[in-house]
Amino acid sequence: MSDPQYYSYPSPLEGYENLPPLPTERHPDSKSFVNPPAGGLSSAYEKFTGPLDNGERGGFDVHVYYYQSNDSHVRYARELWERIRREFPELRIYTFWDKPVGPHPVAMFEVNIFTPAQFGAFVAWLAIWRGPLSVLIHPNTTETDVNLGRRELRNHTQRAIWMGERFPLDTAIFKRIETATEVPRAD
2 MSDPQYYSYP
12 SPLEGYENLP
22 PLPTERHPDS
32 KSFVNPPAGG
42 LSSAYEKFTG
52 PLDNGERGGF
62 DVHVYYYQSN
72 DSHVRYAREL
82 WERIRREFPE
92 LRIYTFWDKP
102 VGPHPVAMFE
112 VNIFTPAQFG
122 AFVAWLAIWR
132 GPLSVLIHPN
142 TTETDVNLGR
152 RELRNHTQRA
162 IWMGERFPLD
172 TAIFKRIETA
182 TEVPRAD
């Protein structure tokens, strides 16, 4: 999913050019480096970096997958869904689907994350409490110069984060969205 016709990658050092070289001094652990002071925390602690959505949709979707024909998976997923609703009421928690929907190959439920603090707390919590279930975490981005279908394909594949077993998504839905929303180019 790194086809250059779909994706470009600006340098991660954009905005950090012409700075003095980094120190080579190491911490007492002898493995890690001493970093120069930055003059404060990164703004990424307070607000998702662009092009992540800081609005109504939220920066990330979390899809918790379970095998709908496995009684122990269904039970654990229902209990996890309830626990999340009780412990993280500030997150948006969606329907408990008992069958595959959209590009998702098995049953699942979805949670939206709106802030970096929520992401850090919830994803760390989920690393412990997801149990036997797999989780897809994908960003929601707002690039206006990228077709919606291509943007969603990239968010669900190339930019995705997985916990547990990785499931193959039915990405044909994104091609259909791309075709339906294609805007003619003015050459």
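Just remember that our numbering sits 1 ahead of the position in the sequence shown, which is counted from 1.
Where is the CB? At the ideal position from N, CA and C, for every residue including glycine.
Only a predicted model underlies this, so the values are computations on that prediction, with no experimental measurement involved.
### Task
Kindly indicate the opening and closing residues of the beta strand (DSSP E) around His64.
As a position in the sequence shown, residue 64 is number 63, starting the count at 1. Counting along the chain, the beta strand (DSSP E) containing His64 begins and ends at Phe61 to Tyr67.
#### Entry: Coil, strand or helix - Met2 by DSSP
In the sequence shown, counting from the first residue as 1, residue 2 sits at position 1. With a pLDDT of 48 at Met2, under the threshold of 50, the predicted position of this residue should be treated as unreliable, and no value is reported.
### Query
So, is Gly59 buried or exposed, given that buried needs 16 or more other C-beta atoms within 10 angstroms?
Numbered from its first residue, the sequence shown carries residue 59 at position 58. Looking at its Cβ environment, which holds 16 or more other Cβ atoms inside 10 Å, Gly59 is buried.
### Message
For Ser135, list the residues DSSP reports as bridge partners.
### Response
What you label residue 135 is simply residue 134 of the sequence shown in a count that begins at 1. Ser135 is bridged to Tyr66.
#### Entry: Which residues DSSP lists as bridging Pro140, in chain order
Start at 1 with the first residue of the sequence shown, and residue 140 comes out as number 139. DSSP lists Phe61 as partners of Pro140.
### Query
Are the beta-carbon atoms belonging to Ala78 and Tyr67 less than 8 Å from one another?
Along the sequence shown, one-based indexing puts residue 78 at 77. Along the sequence shown, one-based indexing puts residue 67 at 66. Result yes, Cβ atoms of Ala78 and Tyr67 sit closer than 8 Å.
### Query
In terms of residues, what are the limits of the alpha helix (DSSP H) holding Ala122?
For the purposes of this step, residue 122 is identified with residue 121 of the sequence shown, where counting begins at 1. Element bounds for Ala122: Pro117 to Trp130.
### Query
Of the choices Ser33, Asp54 and Glu47, whose alpha-carbon is the least far from that of Thr143?
The residue given as residue 143 occupies position 142 in the sequence shown. Checked all of Ser33, Asp54 and Glu47; the closest Cα to Thr143 is Asp54.
### Message
Can you find the residues in the same chain that come closer than 7 Å, C-beta to C-beta, to Asp171, ignoring five residues on each side of it along the sequence?
### Response
As a working note, residue 171 is residue 170 in the sequence shown. Closer than 7 Å at Cβ, skipping near neighbours: Pro104 and Pro106.
### Message
Less than 7 Å between C-beta atoms, sequence neighbours within five positions excluded: which residues of the same chain meet that for Ala187?
### Response
Translated into positions along the sequence shown, residue 187 becomes position 186. With a pLDDT of 46 at Ala187, under the threshold of 50, the modelled position of that residue is not reliable, and no figure is offered here.
### Query
Hey, would you say Pro37 sits closer than 8 Å to Leu23, going by beta carbons?
For the purposes of this step, residue 37 is taken as residue 36 along the sequence shown, with counting starting at 1. For the purposes of this step, residue 23 is taken as residue 22 along the sequence shown, with counting starting at 1. Yes, the pair counts as a contact, with Cβ atoms nearer than the cut-off.
#### Entry: Secondary structure of Arg186, DSSP reduced to three states
For the purposes of this step, residue 186 is taken as residue 185 along the sequence shown, with counting starting at 1. Unreliable placement is indicated for Arg186, whose pLDDT of 46 sits below 50; no coordinate value is reported for it.
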